[in-house]
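Reminder that position 592 of the sequence shown reads as 763 in this note's numbering, one-by-one numbering, no gaps. Cβ coordinates follow ideal geometry from the N, Cα and C atoms, glycine included.
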Amino acid sequence: VRGPKMFTSYLHNKAATDEAIDRDGWLLTGDIGHYDEKERLFITDRIKEMIKLGPIQVSPTEIELYLLTHPCVAEVAVVGVRHETEGQWPRAYVKRRDGMDVTEQELRKYIADSLAEPNQLRAGVVFVDHIPRTTIGKVDRKYFKKLTDFCTSKSLTVAELLTKANALAQALVDRGVNKSHLIVTLANTCVEHAVLVFASIFLGITLYPITPIANVHELQTILPTLGSIAVFVDTDKAELMDKVLTNTTLNIDAKWTVVLDGVFKKYITFDELLKEGQNRSLPKIPHFPVDPEKDIYVLLQSSGTSGIFKSVQISHRAFVANIYCDIYHRSQHLDPLIFSEITPFGSISGQMFLFKYLLIGSTFVVYSRVTEDNILKSIEKYKINTLFISPLFGSRLISEKYFQKYDLSSVKLIMTSGAAFPAPVATELVTKHGVVLREGYGMTEYAPITHWQTCEPWEFIPGSMGYPSYNTEIKVIDVTTGDSLPTNTEGQICVRGPKLFTSYLHNKAATDETIDKDGWLLTGDIGHYDEKDRLFITDRIKEMIKWTTIQVSPTEIELFLLTHPCVAEVAVIGVRHQTENQWPRAYVKRREGMDVTEQQLCKYVGDSLGVEKQLRAGVVFVDHIPRTTIGKVDRKYFKQLVSKEILTG
């Protein structure tokens, strides 16, 4: 269109103005349509909202309008989901009419019977309770592919994230970053951190996102071993990192230091780098050559709770196999529209979920400050329907009656991993609140998931980790002889497959202890599988308490103590004994307003558990149970507490 009502320009944005107004004064609206012989205008769609299936432009509005003629469809949004070889495939997010029922297959057939081949719903149908809209009633298409930090309200669409990642990568190349360098981060989860993760992929440079709870000692141990590094921190961690980097006795080769979310001393700022690289693209991606089999995509810390931490090297091939596996399993559970996840990008689950849920077209909600209140308020605000949480938070959903205090009705699927999930809590979530609970088992060294429960309610068995994940072999071996064991027989769990890590950095001995000559990963976990190949975990070999000659599971005692109405949290460890190896001790946090004595808890255990599981080393009441960033009890903390104790009673 053109005329005297034309706007003058966008404020401080000449590039956008030049894109919107051509040299002859025409306003390019970005809308697709036509006018007829009477000059009446008909709008088809937005150029930016068109779905590109190969060389063909597909109108999502056309598909939406047709689906709205189905008697069971109340609202619908159609978006394009990226496909490996065909650009984008159409997917429909559908809200059913109240009291009406229709299946995905029925709606796909409804489209197939009437619309052309390019309009078919190749990416499927997802049923939702809510279709987000703008303030003027339009379907908010950006909502379906967005990364959002609830705490800062910063958000990026996938397109914006990739554009910023490209600009950041270009700026780093301009500053001299090359294949020999390592990108190191020490930061909470934030949108800037996500941009950096994708920039490392674009560059083909290895990323090391150090867990944000790392202390000075850990940083002083890790950083000098990494060679030349580019360091990225947030303002919370900048003082700590600066203290380590300026210690000249450590010989840390930090070429660049960048602050992600503000200003700190003379550090380069994230925004400065984006400005340096804006409006330019890398000539190729990845910028530096990558051998997927041999080159390392990411380094991650492992075993910090049970001993000296190790740096796990995960190849590009292993990580891609992980993403492919998890998307394959997506067909077995609810297709998330809005996903919330609490683990940091410095964990394998944080890395996995970031890629998976943006790739399949979900809104992805993260937290730079992980608190229960933030999680619960974000569920209400964004109508989150899929959560990844720790077992501790799962327990508190019930004990604190959060389903009554907050509107959590949008939550349909809860995924959990990292520690044992209390069976009574799991049962109540499934039976009383109608939530599908999916418990997984895995480890950083297998990038990470080896087993997932299916999501069918009739398949739910409290304590089961479910079935082996795609492309994963499992066996259980005798801890002493190494012989393979039959079903329902306890032993060490071993897994093998393409997601296996490459090695521990600078630690061949630990690598050789973990991966045997036949490529089996020795998990260090004790458990068994049943006649249906479902896995059940008992405990960690290194965490087992050895009372005389008997192995005792601290997890079993913890889970039992959590059934006591006065116990909010608990950690059980072994304390050295002069003649009986170790005695079990429980560190207990009471529920608010509740009271229980040491004698009562010892009797509670004594009345129900075996003689070897008695709390011979007593009960200690505490105000806080330290945990890792993914919700596991920090057993290393408690082991240090008792490291000099030797009981003689």
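Query: Nearest-angstrom Cα separation, counted from residue 770 out to residue 365; Result: 50 angstroms
Query: At least 3 beta-carbon pairs within less than 8 angstroms: the segment 437 to 451 vs the segment 394 to 401; Result: no
Query: Cβ separation of residue 252 and residue 318, assumed to be a contact under 8 angstroms, to the nearest whole Å; Result: Incorrect: roughly 16 angstroms between the Cβ atoms, too far for contact.
Query: Minimum length 3: unbroken beta strand (DSSP E) runs contained in the segment 208 to 244; Result: 212 to 217, 222 to 224, 227 to 229
Query: Proximal residues to residue 642 (C-beta, below 8 angstroms), its chain only, five neighbours per side dropped; Result: 492, 496, 668, 669, 670
Query: Reduced DSSP category for residue 709 - H, G, I as helix; E, B as strand; rest coil; Result: strand
Query: Three-state class that DSSP yields for residue 460 in the structure shown; Result: coil
Query: At least three beta-carbon pairs within less than 8 angstroms, the segment 319 to 337 to the segment 282 to 289; Result: no
Query: Residue 798 burial status per 10 Å Cβ neighbour count (16 or more: buried); Result: buried
Query: Delimiting residues of the alpha helix (DSSP H) encompassing residue 446; Result: 441 to 448
Query: Outcome for residue 829 when other beta-carbon atoms lying within 10 angstroms are tallied against a minimum of 16; Result: An answer regarding residue 829 cannot be provided, because it is not within the stretch 172 to 820 covered by the chain.
Query: Inter-residue Cα distance where the pair is residue 597 and residue 604; Result: 10 angstroms
Query: Close beta carbons around residue 248, own chain, < 6 angstroms, minus the five adjacent residues each side; Result: 264, 302, 310
Query: Three-state secondary structure assigned by DSSP to residue 337; Result: helix
Query: Residue environment, residue 261, which counts as buried when at least 16 other CB atoms sit within 10 Å; Result: buried
Query: Euclidean distance between Cα positions of residue 224 and residue 437; Result: 47 angstroms
Query: Cβ neighbours of residue 129 in the same chain (closer than 6 angstroms, five flanking residues each side left out); Result: Outside the displayed span of the chain (172 to 820) sits residue 129, for which this structure offers no information.
Query: 4 or more residues per run - each alpha helix (DSSP H) lying fully within the segment 707 to 765; Result: 725 to 732
Query: Three-way DSSP call (helix, strand, coil) for residue 669 in this model; Result: coil
Query: The segment 397 to 404 contacting the segment 347 to 358, beta-carbon criterion three pairs below 8 angstroms; Result: yes
Query: Stretch pair the segment 331 to 344 + the segment 449 to 464: three plus CB contacts closer than 8 angstroms; Result: yes
Query: Residue 778 burial status per 10 Å Cβ neighbour count (16 or more: buried); Result: exposed
Query: Alpha-carbon to alpha-carbon, residue 195 and residue 222; Result: 29 angstroms
Query: Residue span of the alpha helix (DSSP H) that contains residue 364, given as start and end; Result: 362 to 374
Query: Boundaries of the beta strand (DSSP E) in which residue 202 is found, first to last residue; Result: 202 to 206
Query: Reduced DSSP category for residue 801 - H, G, I as helix; E, B as strand; rest coil; Result: coil
Query: Buried or exposed by the 16-neighbour rule on C-beta atoms within 10 Å, applied to residue 710; Result: buried
Query: Alpha-carbon spacing of residue 549 relative to residue 678, whole angstroms; Result: 42 angstroms
Query: Residue burial classification, residue 490 (beta-carbon count within 10 angstroms, cutoff 16); Result: buried
Query: Spatial distance of residue 746 from residue 575 (CA atoms); Result: 41 angstroms
Query: Segment contact, 8 angstroms Cβ cut-off, at least three pairs: the segment 693 to 702 with the segment 411 to 430; Result: no
Query: Alpha-carbon spacing of residue 517 relative to residue 525, whole angstroms; Result: 11 angstroms
Query: Which listed residue (179, 414, 727) has its alpha carbon closest to that of residue 594; Result: 727
Query: Residue 646 and residue 665 closer than 7 angstroms at C-beta; Result: yes
Query: Cut-off 7 angstroms between Cβ atoms - residues of its own chain near residue 219, not counting five sequence neighbours on either side; Result: 201
Query: Bridge-paired residues (DSSP) for residue 304; Result: 310
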